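Each residue of the sequence shown is one higher than the one before, counting from 340 in the working numbering.
Note that beta-carbon positions come from the ideal geometry of N, C-alpha and C, so glycine has one too.
Remember, predicted model here, so these are calculated numbers, not experimental data.
Scroll down for the structure; my scribbles are underneath it.
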Amino acid sequence: MPLSEHEQRLFEQIEQSLAEDPKFASAVRASDPRFHARRRLLVAVSGIIAGLALVVYGTVSKTPLLGVAGFVVMLGSAAFAMLSQRRAQSPDLHVVGGTTSRRLRGRRLSLVDRLEERWRQRPEGHR
Numbered sequence: 340m341p342l343s344e345h346e347q348r349l350f351e352q353i354e355q356s357l358a359e360d361p362k363f364a365s366a367v368r369a370s371d372p373r374f375h376a377r378r379r380l381l382v383a384v385s386g387i388i389a390g391l392a393l394v395v396y397g398t399v400s401k402t403p404l405l406g407v408a409g410f411v412v413m414l415g416s417a418a419f420a421m422l423s424q425r426r427a428q429s430p431d432l433h434v435v436g437g438t439t440s441r442r443l444r445g446r447r448l449s450l451v452d453r454l455e456e457r458w459r460q461r462p463e464g465h466r
């Protein structure tokens, strides 16, 4: 249903006032999961570049310990990037007023637990 002219004007005024408020913009940006995912990815990429630089410097200066440390930094940064990518792809939904799943933080459900959860959430007509 289209908005009336009065509602459109009110909507535009609200939009302009929100766009001019820097506190509101930073609060919205801080709560945006894409912003955090992008920041984590940039940190991981900079870690990979720093690790590569350590590997090259360790090789040139003939210090194997420095090269190994650079490799470990690269490996850790790559793992962090993969974890960040996986976290960005998973839905971050919060349940408001209702039952939550039995899934705990960081704990994966077993096959039996997933089947029980599906059984509980099936439509009412299929009993």
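Would you kindly work out how many angstroms separate the C-alpha atoms of residue i and residue j, rounded to a whole number?
i: GLY415; j: GLN347; result: 51 Å
i: PRO403; j: GLY397; result: 6 Å
i: ARG426; j: TRP458; result: 27 Å
i: GLY409; j: ALA376; result: 24 Å
i: ALA488; j: ASP360; result: The structure shown does not extend to residue 488, since the chain is modelled only from 340 through 466, so no value can be given for it.
i: ALA366; j: SER400; result: 47 Å
i: VAL395; j: GLN355; result: 51 Å
i: GLN352; j: ALA383; result: 41 Å
Candidates the options: which alpha carbon is nearest residue i's?
i: MET413; options: ASP360, ARG426, LEU393, LEU422; result: LEU393
i: GLY406; options: ALA420, GLY390, PHE419, MET421; result: GLY390
i: ALA420; options: LEU380, PRO462, SER449, GLN428; result: LEU380
i: GLY386; options: VAL411, GLU463, GLU351; result: VAL411
Say the cut is 7 Å; is the CB of residue i nearer than that to a heavy atom of the ligand PLP?
i: ARG457; result: Only the bare structure without any ligand can be found here, which leaves the ligand PLP out of the picture.
Apart from the five residues just before and just after residue i, which ones in its own chain have a Cβ nearer than 8 Å to its Cβ?
i: PHE363; result: LEU357
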